[in-house]
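**Student:**
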Amino acid sequence: MNYWLMKAEENVYPITLFQREKTTYWDGVRNYQARNSMRDDMRKGDLFFFYHSNSKPTGIAGIGRIIKEGYPDHTAFDRKDVHYDPKSLATNPRWYMVDVQYVKSAKRTIPLEVLKQNPKLRDMALFRQAQLSVQPVREAEWKLITGMKDWW
DNA sequence: GCCAACGTTGGC
DNA sequence: GCCAACGTTGGC
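Following our numbering, the numbering of the first sequence begins with 3 at its first residue and continues without gaps.
1) Pop quiz: L134 and N33 are said to be a contact at Cβ under 8 Å. What is the actual Cβ separation, rounded to whole angstroms?
2) Quick one: what does DSSP say A63 is sitting in, helix, strand or coil?
3) According to DSSP, is R45 part of a helix, a strand, or is it coil?
4) Between the Cα of G149 and those of L117, D125 and A127, spot the shortest distance and give me the residue it belongs to.
5) Expressed to the nearest angstrom, what Euclidean distance is found between the alpha-carbon atoms of I68 and L7?
6) Assuming E11 and S55 make a contact with CB atoms under 8 Å, what is their CB distance in whole Å?
7) Closest to V105 by C-alpha separation, out of T25, F79 and N13, would be which residue?
8) Which value, in whole angstroms, describes the spacing of the CA atoms of V100 and Y27?
9) As an exercise, report each continuous alpha helix (DSSP H) stretch of at least 4 residues that is fully enclosed by the region 97 to 144, in chain order.
10) Excluding five sequence neighbours on each side, which residues of the same chain lie with their C-beta closer than 7 Å to the C-beta of Q35?
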């Protein structure tokens, strides 16, 4: 079982919408490292932190589960889609996505600042590669964060 | 809205 | 292969 952190802009896809929809596909990732994680490493049943960026505060808003492993991101083929990429061909897709299911929300978003203050979380990818929208989370980090009673 | 960090593109 | 220009991410 692997753990992940996936970022969504709150004004684009808030966790309240995820909760209503229950399942969705995670499209629009256009970074190779994030793509590789989704295409090669995510497994059905893996859990992830749903992270709100561009929000007040930014931070972990909830938890989701991977329910379908990597497959071509069709929004890259759609000329009218904001994530259209003419270099991604149906015969040779460049971008991948996964299907995800809502699991639960934090009582309140756990702010980035709170995570930063915990010395045990210092090595999280979140701080080392701030711009990466899909990133692995270590089991110890997962357990520590999900065990923060005030927030769940 | 600003801007630092960082990834990608393309000329050479 | 280098690197400047450019675009995007995301915190603030």
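All residues carry an ideal CB built from backbone N, CA and C; glycine is no exception.
**Tutor:** Considering the structure as presented:
1) Indeed, because the Cβ distance is near 7 Å, the residues count as touching under 8 Å.
2) strand
3) coil
4) L117
5) So the two alpha carbons sit approximately 12 Å from each other.
6) 5 Å
7) T25
8) The straight-line gap from Cα to Cα measures roughly 6 Å.
9) 114 to 119 and 127 to 130
10) Around Q35: L134.
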